[in-house]
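A.B. asks: The structure that follows is given in the form of structure tokens.
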Amino acid sequence: MYDLFIAPFAEFDFMRRALAGVIILSLSAAPIGIFLMLRRMSLAGDVMAHAILPGAALGFLVAGLDLFAMTVGGIAAGVTVAVAAGLVARFTELKEDAALAAFYLVSLALGVTLISLKGSNVDLFRVLFGSVLALDNATLLVIASFTTFSLFALALIWRPLVLECVDPGFLRSVSGSGTMVHLLFLALVVLNLVAAFHALGTLLAVGMMMLPAAAARFWTQDVTRMAAYSVLIGVVSGVGGLLVSFHFNLPTGPAVILTAGIFYALSVVLGPVGGLRKRLSPGRHLEA
Amino acid sequence: MASVLAFQNLTLGYDRHPAVHHLSGEIGEGALLAVVGPNGAGKSTLLKGIVGVLSPLGGKISRNGVNAQDIAYLPQIAEIDRSFPISVFDLVAMGLWKHAGLLGGIGKADREKITIAIEAVGLRGFEHRPIGTLSGGQMQRALFARLLLQDARVILLDEPFASLDSKTVSDLLELVHRWHGEKRTVVAVLHDFELVKQHFPEALLLAREPVAWGNTAQTLSAENLLKARRMSEAFDDLAGICEDAA
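As you go down the protein sequences, you meet chains B and S in turn. Residues in the first sequence are numbered from 19 upward in steps of one, following our numbering. Residues in the second sequence are numbered from 97 upward in steps of one, following our numbering.
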């Protein structure tokens with residue numbers, strides 16, 4: 019037991035950092051994923067994750083693999099695309115999903131091109147799939163401060179955020195905060211994606227957000243509990259993924275996301291709220 | 097009767113097209129007013145204007161001594177996402193917004209208030225049910241419980257009885273009469289003329305432009321209803337600028 023679960027973390031410094039990284043990431047990314055899902059914005063989250071790439075790539079062009087430059091570039095690009103996609107959808111004939119798909123493809127192509135201008139394939143691999151096992155103190159600090167800020171902000175906007183989803187007309191009648199809340203929420207999405215980008219890369223960052231959220235949907239019909247479950251699923255997937263990758267010598271980021279994917283699949287089949295098992299064998303009907 | 101809401105040559109609309117056109121008049125304190133008219137006549141738009149969600153394209157709305165906190169608004173049920181994972185209790189608790197706001201706690205006394213409101217609309221035992229499992233009538237009852245908690249001087253109801261059975265309608269009407277008895281001002285968008293004639297002393301017949309406003313029996317005369325029906329529903333894309341401004 020010790021060898022299986024504890025030793026990898028006790029013996030290796032980089033495993034401990036990775037452990038801290040995935041746990042901290044889950045704390046805020048997973049609840050934010052819940053709201054993305056409930057607002058039917060899962061695809062938008064994916065697009066923003068890709069949108070970070072060209073910004074981070076610009077940072078990379080200017081300063082190499084520099085934490086600060088890539089973080090600032092990523093946030094700037096993420097926010098730009100979030101706003102631009104929203105504007106295109108609102109003010110042109112193009113429906114939102116098509117606008118998002120367009121932004122996502124262009125961002126990915128642009129990002130890869132920019133990285134390739136100066137970097138090697140190793141650099142490219144790193145920005146696409148992350149480097150959980152190479153998190154240094156500074157990066158951990160960035161991730162932790164983004165998470166801390168997100169948790170406070172989320173607590174502050176929790177009520178209007180819920181109201182905006184359930185009954186936007188009512189929220190507008192009691193408070194003018196709707197637009198502010200929506201913008202702050204989008205900013206939180208970008209912040210968390212940038213944090214996840216450092217660990218998991220641009221292609222997998224959104225995985226820590228959406229997979230635990232989508233899995234938690236199958237276990238409860240209460241949004242608060244759903245957020246708690248998603249954090250739990252995220253943390254367990256993170257720890258599980260690290261262990262799997264350590265023992266079987268698999269790439270770490272994909273192992274973490276795959277583990278979350280397994281939890282998602284299990285939830286789809288076994289989950290009591292609309293899961294397949296209940297649908298396939300609902301049992302005999304009740305008396306009342 | 098002092099007026100709580102007054103409209104002066106009010107025009108509300110979307111993309112410069114008027115949905116409520118040149119409406120003037122007053123709603124007195126304690127009025128029980130039905131807003132009727134064909135689809136697209138601007139009834140819901142008028143409520144949105146009163147709440148302040150929509151700014152006038154022309155004219156103005158005066159709220160006499162009534163601020164936003166004093167107005168409770170029941171949106172059309174279709175505007176609510178009923179698949180959202182939230183319990184009846186939490187939905188009703190939103191009615192305490194004025195008092196709890198962003199971060200205020202919901203204490204024991206508040207929980208009691210919420211429970212009492214839920215019981216008052218006949219939903220005892222449903223507190224912890226997710227709203228997705230409610231029937232249309234139960235959902236509307238829950239929203240009325242939220243209105244009860246809002247404890248507002250002006251209550252705006254947008255099609256509160258649409259597709260409800262007669263038992264639910266009569267239960268909810270009882271609450272409306274209770275509010276009326278408490279001297280609250282109630283404005284309801286309705287389609288059922290019989291119900292309006294029986295329960296609402298005052299009516300406003302809208303067909304984008306106001307057709308008639310006053311005593312219900314006179315407002316809903318055959319002649320007025322015919323006039324209202326002639327309103328064209330579509331916006332005219334080529335419409336010129338309305339010169340009939342104040």
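Cβ atoms here follow ideal geometry from the backbone N, Cα and C, with glycine treated the same way. Please read all numbers here as calculations on a predicted model, not as lab measurements.
#1: Taking 8 Å as the cut-off, decide whether the C-beta atoms of B/Val160 and B/Ala103 are in contact.
#2: Tell me the residue span of the beta strand (DSSP E) that contains B/Tyr122.
#3: Can you pull out the residues from the segment 296-330 of chain S whose beta carbon lies closer than 8 Å to at least one beta carbon of chain B?
#4: Starting from S/Trp193, trace the alpha helix (DSSP H) both ways and give me its first and last residue.
#5: Counting along the chain, where does the alpha helix (DSSP H) carrying B/Leu151 start and finish?
#6: Anyone know if the C-beta pair for S/Ala174 and S/Ile214 falls short of 8 Å?
#7: Considering just the uninterrupted stretch of the alpha helix (DSSP H) at B/Asn210, what are its terminal residues?
#8: Out of B/Val254, B/Ile275, B/Thr220 and B/Leu153, state which residue places its alpha-carbon closest to the alpha-carbon of B/Thr31.
#9: Can you tell which of S/Tyr169, S/Phe180, S/Arg178 and S/Ile212 has the C-alpha that lies nearest to the C-alpha of S/Lys194?
#10: Nearest to B/Ala231 by alpha carbon, out of B/Val249, B/Met88, B/Val106 and B/Leu218?
#11: CB B/Met244 to CB B/Gly63, shorter than 8 Å?
#12: So, is the C-beta of S/Asp177 closer than 8 Å to a C-beta in chain B?
#13: DSSP three-state label for S/Ser158, please.
#14: Whose C-beta lies closer than 6 Å to the C-beta of S/Trp309 among residues of the same chain, with five residues either side of it excluded?
#15: Apart from the five residues on each side of it in sequence, which residues of its chain come closer than 8 Å, Cβ to Cβ, to B/Leu209?
#16: Output the distance between the C-alpha atoms of S/Ala205 and S/Gly148, rounded to the nearest integer angstrom.
#17: Using only CA atoms, which one of S/Ala284, S/Glu339 and S/Glu290 lies nearest to S/Ala130?
#18: Please confirm if the segment 23-39 of chain B is in contact with the segment 142-157 of chain B, defined as three or more CB-CB distances below 8 Å between the two stretches.
#19: Going by the beta-carbon positions, is the gap between B/Val241 and S/Ile123 smaller than 8 Å?
#20: Are the segment 132-149 of chain S and the segment 182-196 of chain B in contact at 8 Å, needing three or more beta carbon pairs?
#21: Only counting the same chain, and skipping five residues up and downstream in sequence, which positions put a Cβ closer than 7 Å to that of B/Ser263?
#22: Less than 8 Å between C-beta atoms, sequence neighbours within five positions excluded: which residues of the same chain meet that for S/Val292?
#23: Quick one: list the residues of chain S neighbouring B/Thr238, beta-carbon separation under 8 Å, in chain order.
#24: Use the C-beta contact count for B/Val140: other C-beta atoms within 10 angstroms, 16 or more gives buried, fewer gives exposed.
#25: Whose Cβ in chain B lies nearer than 8 Å to the Cβ of S/Trp275?
#26: Could you check where the alpha helix (DSSP H) with S/Gln234 kicks off and where it finishes?
#27: Compare the C-beta of B/Ala36 with all C-beta atoms of chain S and state if any pair is closer than 8 Å.
#28: Chain S partners of B/Leu250, CB-CB under 8 Å?
C.D. replies: Looking at the atomic coordinates:
#1: no
#2: First-last for B/Tyr122: Glu114 to Lys136, but that is the alpha helix (DSSP H), not the beta strand (DSSP E).
#3: none
#4: Trp193 to Ala196
#5: In the DSSP assignment, B/Leu151 falls outside any alpha helix (DSSP H) and carries neither an H nor an E.
#6: no
#7: Gly196 to Leu222
#8: The question names Thr, yet the displayed sequence has Asp at residue 31 of chain B. Per the Cα distances, B/Leu153.
#9: S/Tyr169
#10: The shortest CA-to-CA distance from B/Ala231 to any of B/Val249, B/Met88, B/Val106 and B/Leu218 is the one to B/Val249.
#11: no
#12: yes
#13: strand
#14: Gly121 and Leu300
#15: Ile93, Phe164, Phe167 and Ser168
#16: 31 Å
#17: With distances taken between CA atoms, S/Ala130 lies nearest to S/Ala284 out of S/Ala284, S/Glu339 and S/Glu290.
#18: yes
#19: No; because the gap between Cβ atoms is not below 8 Å, this pair is not in contact.
#20: yes
#21: Pro269, Thr270 and Ala273
#22: Ala130, Val132, Leu286, Ala299, Thr312 and Leu316
#23: Pro181
#24: exposed
#25: Those within 8 Å of S/Trp275 in chain B number zero; the least Cβ separation is about 17 Å.
#26: Gly232 to Gln246
#27: no
#28: What B/Leu250 touches in chain S: nothing, since even the nearest Cβ is about 16 Å away.
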